[in-house]
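Participant: In my numbering, the protein residues as written are 40 to 196. Backbone N, C-alpha and C fix where the C-beta goes; we use that ideal spot for every residue, glycine too.
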């Protein structure tokens, strides 16, 4: 007999989802701090527009970090909270050069690519687990971030 957790999902599938969501939490956390660095340190003729765009992005990432951590809790698991764990698990790495707007936008695009790919993987897992809550969250994030990719790519051209 299949064991179900408190929200009626398969215990094992929920555990796998929570593990993947913790990976996403690590990537989001490193990405968030990188974008804060871009916001604080941007220089040059595009300072005003990029400073505002970077703030808009890191505020959005802050909300997503909380949403992902709360989803892990909803699935009955514990979200990681240590940066030492994030640094080991995240595919996104800390940025060292944060004051060049063009490089910053390229880094943002690469980070979004990593995150979107992982979210698609989570979307597949959540569909298989009949986890509509995680599915809806990932679906919303993917469509929002695909639009950001288009906009940041257009900015670079």
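#1: Can you give the Cα-Cα distance for residue 106 and residue 180, rounded to whole angstroms?
#2: By Cβ distance, which residues of its chain are closer than 7 angstroms to residue 101, with the 5 residues on each side in sequence left out?
#3: Is DSSP giving residue 82 helix, strand or coil here?
#4: In chain order, what residues of the same chain lie with their CB nearer than 8 angstroms to the CB of residue 59, ignoring the 5 residues before and after it?
#5: From the DSSP secondary-structure annotation, give me the bridge partner or partners of residue 43.
#6: Within the same chain, show all residues whose beta-carbon is closer than 7 angstroms to that of residue 138, passing over the 5 residues directly before and after it, in chain order.
#7: Could you tell me which residues DSSP pairs with residue 139 in its beta bridges?
#8: Buried or exposed: which applies to residue 110, given that a residue is buried once 16 or more other Cβ atoms fall within 10 Å of its Cβ?
#9: Is residue 86 near residue 140, with beta carbons less than 9 angstroms apart?
#10: Relative to the C-alpha of residue 142, which candidate in 76, 123 and 114 has its C-alpha closest?
#11: Going by DSSP in three states, residue 152 sits in which element: helix, strand or coil?
#12: Might you give, ordered along the chain, the residues of its own chain that have their beta carbon closer than 7 angstroms to the beta carbon of residue 168, omitting 5 neighbours on each side?
#13: Could you work out which residue in 78, 119, 136 and 147 is closest to residue 63 when comparing CA atoms only?
#14: Could you check what DSSP says for residue 90 in three-state terms: helix, strand or coil?
Facilitator: Reading it off the structure:
#1: In the chain shown, counting from the first residue as 1, residue 106 sits at position 67. In the chain shown, counting from the first residue as 1, residue 180 sits at position 141. Residue 106 and residue 180: Cα-Cα distance of roughly 11 angstroms.
#2: Taking the chain shown and counting its residues from 1, the one referred to as residue 101 is at position 62. If we look at residue 101 and ignore the five residues flanking it on each side, its Cβ neighbours are 71.
#3: Here residue 82 refers to the residue found at position 43 when the chain shown is read from its first residue. Note: residue 82 maps to strand in three-state DSSP.
#4: In the chain shown, the residue the question calls residue 59 occupies position 20. Here residue 59 has 157, 160, 161 and 164 as same chain residues with Cβ atoms under 8 angstroms from its own Cβ, once five neighbours each way along the sequence are excluded.
#5: As a working note, residue 43 is residue 4 in the chain shown. In DSSP, residue 43 forms a bridge with 49.
#6: Here residue 138 corresponds to residue number 99 of the chain shown, with the count starting at 1. Around residue 138: 80, 81 and 82.
#7: Numbered from its first residue, the chain shown carries residue 139 at position 100. When DSSP reads this structure, residue 139 sits in a beta bridge with 82.
#8: In the chain shown, the residue the question calls residue 110 occupies position 71. Result: buried.
#9: Numbered from its first residue, the chain shown carries residue 86 at position 47. Numbered from its first residue, the chain shown carries residue 140 at position 101. Yes.
#10: As a first step, residue 142 must be located in the chain shown, where it is residue number 103. Per the C-alpha coordinates, the member of 76, 123 and 114 positioned closest to residue 142 is 76.
#11: To locate residue 152, count along the chain shown from 1; it is residue 113. Taken through DSSP and simplified to helix, strand or coil, residue 152 comes out as helix.
#12: For the purposes of this step, residue 168 is identified with residue 129 of the chain shown, where counting begins at 1. Here the set comprises 48, 49, 52, 53 and 56.
#13: One-based indexing of the chain shown puts residue 63 at position 24. Comparing Cα-Cα distances from residue 63 to each of 78, 119, 136 and 147, the minimum goes to 119.
#14: Position 51 of the chain shown, counting from 1, holds the residue named residue 90. Residue state, collapsed to three classes: helix.
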